[in-house]
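The opening residue of the sequence shown carries number 53 in our numbering; numbering runs sequentially from there. No residue lacks a Cβ here, since even glycine has one placed at the ideal position from N, Cα and C. Notes for the one structure printed next.
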Amino acid sequence: MLSGSFEYASETSLTIFKTFVEKNYPIQANLIVYESEDDNPSLAALDDADALLIFTRRLNTEGKSLRQFQAYCEQGRPLVGIRTASHAYQNWLEFDKVVLGGDYQGHYGHGPTVRLETVVPEHPILNSIPEFESYGSLYKNPSLRDDTSMMTRRYTTTVHTVSAMRFRNIASVISFLSESSHHFGPYWVGWITTSISRNRISRRTQRLRNL
Numbered sequence: 053m054l055s056g057s058f059e060y061a062s063e064t065s066l067t068i069f070k071t072f073v074e075k076n077y078p079i080q081a082n083l084i085v086y087e088s089e090d091d092n093p094s095l096a097a098l099d100d101a102d103a104l105l106i107f108t109r110r111l112n113t114e115g116k117s118l119r120q121f122q123a124y125c126e127q128g129r130p131l132v133g134i135r136t137a138s139h140a141y142q143n144w145l146e147f148d149k150v151v152l153g154g155d156y157q158g159h160y161g162h163g164p165t166v167r168l169e170t171v172v173p174e175h176p177i178l179n180s181i182p183e184f185e186s187y188g189s190l191y192k193n194p195s196l197r198d199d200t201s202m203m204t205r206r207y208t209t210t211v212h213t214v215s216a217m218r219f220r221n222i223a224s225v226i227s228f229l230s231e232s233s234h235h236f237g238p239y240w241v242g243w244i245t246t247s248i249s250r251n252r253i254s255r256r257t258q259r260l261r262n263l
């Protein structure tokens with residue numbers, strides 16, 4: 053897990069989440085914390101990671117550290133982005149469209165309670181997750197890439213909607229204190245990791261058949 057979203061206290065939230073998943077799932081979580089927006093920690097741990105959860109915001113990371121993150125993404129490996137991950141690194145803003153398939157266009161103001169509505173309840177990624185309320189502001193993602201699927205929709209008492217796929221848009225500390233909210237991460241990481249592994253096995257099998 054990568055923490056570097058200071059406006060949203062990502063270290064506090066991910067520490068809570070790390071404790072939860074290690075207690076309730078057979079997962080060993082490694083948390084890399086950026087100390088400032090100009091920090092450049094080594095991301096060599098990504099070489100051995102089964103999946104990556106990123107919660108950073110407009111970091112000025114560059115050089116080897118940024119290349120390590122880009123290499124992970126270019127390999128098509130499992131990744132879950134939380135809220136500000138749409139603009140995770142200031143020196144690679146294309147990450148939102150290229151990797152997440154998103155279209156970040158700012159966010160609505162704070163204040164109204166946000167309720168999550170399941171769009172595809174039968175999908176395994178949403179298995180046993182109830183509807184719940186959040187207090188984080190909504191992000192605007194009006195034009196998702198064609199190969200991006202919308203699984204949930206958030207709404208307020210107004211008509212604003214926002215979508216998410218492999219991308220969690222509710223990320224206030226209050227949200228992370230919710231047990232319902234905790235279950236999103238393990239489900240999403242598990243499903244993405246399994247799906248990508250199956251696709252790789254399928255491609256390898258097909259190549260062997262063609263030999």
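Would you mind giving the Cβ-Cβ distance between residue i and residue j, rounded to the nearest angstrom? I have them listed as a contact below 8 angstroms.
{"i": "Gly133", "j": "Leu152", "result": "5 angstroms"}
Out of the options, which one is the CA nearest neighbour of residue i?
{"i": "Glu59", "options": "Ala97, Ser195, Tyr86", "result": "Tyr86"}
{"i": "Thr2", "options": "Ser55, Phe121, Tyr77", "result": "Only positions 53 to 263 of the chain appear in the structure, and residue 2 is not among them; the question remains open."}
{"i": "Leu104", "options": "Cys125, Leu131, Lys70, Arg197", "result": "Leu131"}
{"i": "Ser107", "options": "Asp99, Gln80, Phe72, Ser57", "result": "At residue 107 the sequence reads Phe, which differs from the Ser that was named. Comparing Cα-Cα distances from Phe107 to each of Asp99, Gln80, Phe72, Ser57, the minimum goes to Ser57."}
{"i": "Arg135", "options": "Asp148, Thr71, Asn76, Leu196", "result": "Asp148"}
Going along the chain, which residues of its own chain have a beta-carbon closer than 8 angstroms to the beta-carbon of residue i, five neighbours each way excluded?
{"i": "Asn82", "result": "Met53, Ala97, Ala101"}
{"i": "Ile84", "result": "Met53, Leu54, Ser55, Pro93, Leu95, Ala97"}
{"i": "Lys116", "result": "Asn92, Ser94"}
Compare the beta carbon distance of residue i and residue j with 8 angstroms and say whether it is the shorter of the two.
{"i": "Glu89", "j": "Arg119", "result": "no"}
{"i": "Glu63", "j": "Asn92", "result": "no"}
{"i": "Leu95", "j": "Asp155", "result": "no"}
Within a Cβ cutoff of 7 angstroms, which residues of the same chain sit near residue i, ignoring the five residues on either side of it in sequence?
{"i": "Trp144", "result": "Leu118, Gln122"}
CB-CB under 6 angstroms to residue i, same chain, minus the five flanking residues each way: which ones, in chain order?
{"i": "Gln142", "result": "Arg110, Asn112"}
{"i": "Leu229", "result": "At Leu229 the pLDDT is 46, less than 50, meaning the model places this residue with poor confidence and gives no usable figure here."}
{"i": "Cys125", "result": "Val151"}
{"i": "Ser138", "result": "Asp148, Gly154, Tyr156"}
{"i": "Ile79", "result": "Val73"}
{"i": "Thr210", "result": "Confidence in Thr210 is poor, its pLDDT being 38 and thus under 50, which makes the residue's placement too unreliable to answer from."}
{"i": "Glu146", "result": "none"}
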